[in-house]
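Chains as they are written, first to last, in this note's numbering: chain Z, -7 to 385; chain V, 123 to 719.
Built from N, CA and C at the ideal position, the CB exists for glycine as well.
Computed from a predicted model, the values in this text were never measured in an experiment.
First the structure, in the form of C-alpha cells, and then the observations on it.
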C-alpha cells in the first residue's frame, strides 16, 4: 500500500513538474512570439506612416491647387495607411467641401466633432456648413463652440477674434444687427490695432447699422493714415448720415481735395456731398443758434417748402390727395403767415412753422416725386436722425 | 491488514487520482485559456499585418480601375494557391467556421498545425492579392488551431481537448473583430450551439486576452470609424423595416449563388479544380479593372466610406451586387478565406443604399446614411450567417452607440425571419452537407424545446393513503381501491413527502408479511411473521425513512428517468405548497411522451 501511495505521490510530483515546465515553455514561446510580432509591427507601422505621409502630401498639394477630386482620392489613401489621423481627416473633409460634396463633408466633420467636440477648427467648419445649409441656430451654436473651443495650431486669441468677426458677418446677413454689434465690439477689443482692422470694423459696424462705432473706427483709421482718402470718405459719409454735417463737410472736403489731386472720378461725388453738408449747415435750424439766426433759417425753409407746394399744386393733371389738401389748408393759417418778429416772440410758433415746412416736404415727396436741391436737403433735415446714432445712445 | 481494506485501497487511490486530475485540468483550462487568447491575438495581429503588407505589395498602395496588375495579380496568385491547397495544405480550404465545428464534433478538437499554417499563409495571400474574402473566419480557425495545439501539448483529456477548439475560436474571432462580446456570442451561437457553463468562463478569458493583445498593437479604436448614428424620426423605422426585407432577399440570393456554384465546381475533375482559383481571381480582377476595385479584398475601407455617405445610390447598389458575385466566385473556387467581411460589405452597401434613397425621396425624416450602413451590416450578418444575437451585439459593439438599438433589432429580426422562411437551411449547413459532413445544426439546437415533467404528467388515479393512519384503518381505506387499475399506491407522509409503493408491497405492508424497507429503522415492535398487523401500528412507520424524490412540473422530463428504477410511480408536487400533489408520472408516461415528439 505504501508503495502505491508513494507511486501516486511521485506521479503527481512528476505531473506538477511537467506542467510547470510546459507552462514555462509556453510562456517563453509567447514572449518570443510577442517580440517577433512587435518587431514586425514596428516595421509595418513605419512603412504605413511613410505611405500615409506620401499620400497626404499629394492630397495637400492637390487641395492647394484647387483639384479637390484628386485631393479626396489621395487623402483617402493617406487615411487608409494612417486611420483616424485628425490632420488628414480635416483635410479630407475640407476637400469634400471644396468639391461641392457638402453632405459628405458635413457627415465627416460631424464624425470628427464626436471625437473632439471642443475643437475650434471642426466647430468652425461645421458652422460654415450649417450656414450654407441655412440652419441659423445650429450655425450660431457651432460658431460659439468654435469661439470657446481649443485651437491646437496656436494663435487662439487671434483665431477666436477672427471667428467672432465671421459670426458677426453671418449675423449681419441674417439681419440680427443687435447681436452682430455685440460680437463686433468684443472682436474689435480682441484684435490688435491696425489700419486694416479699423477700416474693416468700421465697415462691419456700418453694415450692422451702428454708425457711431463705425465713425469711431474710421476716425482711428484717419488718425493712423491722415491722408487716406477711403478712410476720409467713409468717415465723412458716416458723419453725414449721423447729421454731423460739420465733420462730414470737413472730411469730405479733404477727401475731395485729395481725390482731385489724384484725378479720381470719386472727387466730384465727394465734393457734391461736401457741398450738401455745407448747405445743410447753412439751412439747419439748430436750437443752438441765436434766436434771430434760427428764425431766419426757419423762414428760409418755409419759403423753400412753399415754393415746392405751389409748383406741385399748379402742375396740371395732379389730383391733390386729402392729406395734401389738409397741408394746403394749413398754409392759409398763422403758421404759414407769421413773420420774423412774431416768430422771435413765440418759440412755439417757430416750431410750428418748421413743422409745417417739414410736413409739406414729406407729403410732397409721396405726391410729387423725389425732391432735389434744397428740397432734398430740407427733407433730410425733416427726417429723424439715423437709427445707428439713436440706438447707440 | 484486513483483506477488504486491501481490496478497497486501489479503488480509493484511483478515485483520488481521478479527482486530482480533474482539478488539475480545471485549473489548467483557465490558465491555458489566457495563453490561447494571447497567442491567438498575436497570430491574428500578424495575420492582419500580412494581409495589409501583401495588399500594398501586390495591388499597390492605391488600387484604381484600369491598372493591369488588378487583372494579373489575382490570376497568378490563384495558380500558387491552387497548387498549395491541392498538394500542401488540403485542409486549409473553406472559411474556417465549419472546419472548427468539424474539429469539435468529429475530430475531438483536433486541428493540425499544418492546417493552421496553411490557413494563415493562403488566406493572407488570397486576400492580399484581391480575392473577395475576409480574414475573420480564418482567424477563428487559427485561434481554434492554436488552442488545439496547446491542449494537446498539455496532455489534457479528450473531453477537455474538445472544449478547447471553441475557446480558441472565440479568441481568434475576438482579435480579428476587436469585439469580444460578438466573438463570444458567435462561438456560442454558431460553434457550440448552446450556453455551456463549463466552457463560458474560458471562452470569455481567451476572448478578452486576445482583444487586449490586438488593442495593444492596433489601438482601442473600433474596426470602423463610426459617424454620428441616430434615429431622427420614428417614421424612419419603416425604412429600416424595408432594409430588413432587402437584407433577407439579398442573403437568399447570396446563399443560392454559393449553394449552386460551389458544388458545381467541386464536381469537376481534380485537375480541372486546379484552374478554379486562378479563373476566379481573374474574374474578380476584371470587376476591379473595369471600374469597381473596391470589391477586391476584405473591403473595410469601402465600408468606411459608405458609412460616411461617400457613394451615390447607383454605385452602392453596383458594389453590393458585384461583391456578391466576386465573393461567390472566390469562395466557390476553394480559395481559403472568410465570409464575414464580404457579408458586412454587402450589408453596409445595401444599408447605405436604403439611406441614400431615403435622403433623396424623404429628406425630411431621414437620418445619417452611416446609421443605415451600420444597421445593414447587422442585417446581412443576421440573415446570411444566421446569427441574430451576434448581429445585434456586433453592431452595438462596433458602433459603441446604444441609440441605434431599435432599428438594429427591427431590421435584423425581419431579415432573419425572412431568410429562414425563404431558405430554411443556413449557409454553413449547406456547405457541410456539400462536403458530406453532418454537423449539428446550431439553429435547430438553439431552438430545441426541452420537454418537462408537466408534458408527461397525468391526473392522479392511484390510490392515496395517509401515512398517519393506523394499519387497520389504512387497510380499510385501501380496500376501497381494490378495483383501481393503478399499478401503485401513494402514501402521503406526515413530513409532507410521499411514498410510492407497488400494489404487492402495499398488500404485504398492510398484512404485516413484508420485510421492512431497507432504510427503515429496526423497529422493536416488529411483529413476528404471520402474527398479523399490529392494530396500533402507523402505516408510515412501516415504510421506513425513504421517500420518493421531490419533483416539480417544470423540471426536465429526463430528470425523472433515473428514479423509475426504484419507484413505480412518481408524484409531481406544487412548488408553492409543500407536498400538494399536481399529478403523477410513470415510466410508461415518460416514454410515451418522448415517442410523441
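{"Item": "Among V:541, V:448, V:170, whose alpha-carbon lies nearest the alpha-carbon of residue 298 of chain V?", "Value": "V:170"}
{"Item": "Applying the criterion that 16 or more other CB atoms from any shown protein chain within 10 Å of the CB defines a buried residue, is residue 482 of chain V buried or exposed?", "Value": "exposed"}
{"Item": "Using a Cβ-Cβ cutoff of less than 6 angstroms, which residues in the same chain neighbour residue 187 of chain Z once the five nearest sequence positions on both sides are dropped?", "Value": "213, 216, 217"}
{"Item": "Within 7 angstroms of any Cβ in chain Z, is that where the Cβ of residue 171 of chain V sits?", "Value": "yes"}
{"Item": "On a Cα-Cα basis, can you pick out the residue from V:410, V:524, V:695 that is closest to residue 581 of chain V?", "Value": "V:695"}
{"Item": "Following the continuous beta strand (DSSP E) through residue 620 of chain V, name the residue where it begins and the one where it ends.", "Value": "620 to 624"}
{"Item": "Quick check on the DSSP output: the alpha helix (DSSP H) that includes residue 465 of chain V runs from which residue to which?", "Value": "462 to 483"}
{"Item": "Which residue from Z:343, Z:336, Z:324, Z:299 puts its Cα closest to that of residue 367 of chain Z?", "Value": "Z:299"}
{"Item": "Is residue 672 of chain V helix, strand or coil when you go by DSSP?", "Value": "coil"}
{"Item": "Can you tell me which of Z:46, Z:75, Z:76 puts its alpha carbon nearest to the alpha carbon of residue 63 of chain Z?", "Value": "Z:46"}
{"Item": "Hey, quick one: how far does the alpha helix (DSSP H) through residue 399 of chain Z stretch, first residue to last?", "Value": "Only positions -7 to 385 of chain Z appear in the structure, and residue 399 of chain Z is not among them; the question remains open."}
{"Item": "Listed from N- to C-terminal order along the chain, which residues in the segment 71 to 93 of chain Z have their beta-carbon within a distance smaller than 9 angstroms of any beta-carbon of chain V?", "Value": "71, 72, 73, 75, 76, 81, 88, 93"}
{"Item": "Kindly give me the distance between the Cβ atoms of residue 250 of chain V and residue 177 of chain V, rounded to whole angstroms, as I take these residues to be in contact under 8 angstroms.", "Value": "5 angstroms"}
{"Item": "Take residue 665 of chain V as the anchor and find which of V:632, V:673, V:672, V:690 has the nearest alpha-carbon.", "Value": "V:632"}
{"Item": "Any idea if residue 614 of chain V is buried or exposed, counting beta-carbon neighbours within 10 angstroms, 16 or more meaning buried?", "Value": "buried"}
{"Item": "In chain A, which residues lie less than 8 angstroms from residue 25 of chain Z when you measure between Cβ atoms?", "Value": "The structure shown contains no chain A; the protein chains it does contain are Z and V."}
{"Item": "Tell me the DSSP secondary structure of residue 111 of chain Z in three-state form.", "Value": "strand"}
{"Item": "Which residues does DSSP pair with residue 580 of chain V in a beta bridge?", "Value": "V:706"}
{"Item": "Just by C-beta distance, which residues in the segment 543 to 564 of chain V are closer than 7 angstroms to chain Z?", "Value": "none"}
{"Item": "How would you list, in chain order, the residues of chain V whose beta-carbon sits under 7 angstroms from the beta-carbon of residue 187 of chain Z?", "Value": "Those within 7 angstroms of residue 187 of chain Z in chain V number zero; the least Cβ separation is about 44 angstroms."}
{"Item": "Ends of the beta strand (DSSP E) at residue 555 of chain V?", "Value": "Per DSSP, residue 555 of chain V belongs to no beta strand (DSSP E); it is in the alpha helix (DSSP H), 549 to 556."}
{"Item": "Determine the direct distance from the alpha carbon of residue 155 of chain V to that of residue 121 of chain V, and round the result to whole angstroms.", "Value": "Chain V is shown only over 123 to 719; residue 121 of chain V falls outside these bounds and no answer can be derived."}
{"Item": "For residue 729 of chain V, collect the residues of the same chain with a Cβ closer than 8 angstroms to its Cβ; drop the 5 residues on either side in sequence, then sort them by chain order.", "Value": "Since the displayed chain V opens at 123 and closes at 719, residue 729 of chain V lies outside it and no answer follows."}
{"Item": "Is it true that the CB of residue 288 of chain V sits closer than 7 angstroms to the CB of residue 314 of chain V?", "Value": "yes"}
{"Item": "So for residue 382 of chain Z, helix, strand or coil by DSSP?", "Value": "Interpretation of residue 382 of chain Z is limited by its pLDDT of 33, a score under 50 that renders its predicted location unreliable; no figure is taken from the coordinates."}
{"Item": "With distances taken Cα to Cα, identify the nearest neighbour of residue 324 of chain Z among Z:333, Z:348, Z:311.", "Value": "Z:348"}
{"Item": "Name the chain Z residues whose beta carbon is nearer than 7 angstroms to that of residue 432 of chain V?", "Value": "96"}
{"Item": "Looking only at C-alpha atoms, which of V:224, V:447, V:295 sits nearest to residue 333 of chain V?", "Value": "V:295"}
{"Item": "Since residue 132 of chain Z is in the alpha helix (DSSP H), which residue starts that stretch and which ends it?", "Value": "128 to 139"}
{"Item": "Leaving aside the five residues before and after residue 283 of chain V along the sequence, list all residues of the same chain whose C-beta is less than 6 angstroms from its C-beta, in chain order.", "Value": "230, 231, 273"}
{"Item": "Roughly how many angstroms lie between the CA atoms of residue 720 of chain V and residue 151 of chain V, to the nearest whole one?", "Value": "Outside the displayed span of chain V (123 to 719) sits residue 720 of chain V, for which this structure offers no information."}
{"Item": "With a 10 Å radius around its C-beta and 16 neighbouring C-beta atoms as the bar for buried, classify residue 354 of chain V as buried or exposed.", "Value": "exposed"}
{"Item": "Under the three-state reduction of DSSP, which class applies to residue 233 of chain V: helix, strand or coil?", "Value": "coil"}
{"Item": "Return the chain-ordered list of same chain residues with a C-beta closer than 8 angstroms to the C-beta of residue 363 of chain V, the five sequence neighbours on each side being excluded.", "Value": "532, 533, 536"}
{"Item": "Please report the straight-line C-alpha distance between residue 197 of chain V and residue 404 of chain V, rounded to a whole angstrom.", "Value": "5 angstroms"}
{"Item": "Check whether the segment 316 to 334 of chain Z touches the segment 254 to 271 of chain Z, counting contact only when three or more Cβ pairs, one atom from each stretch, lie closer than 8 angstroms.", "Value": "no"}
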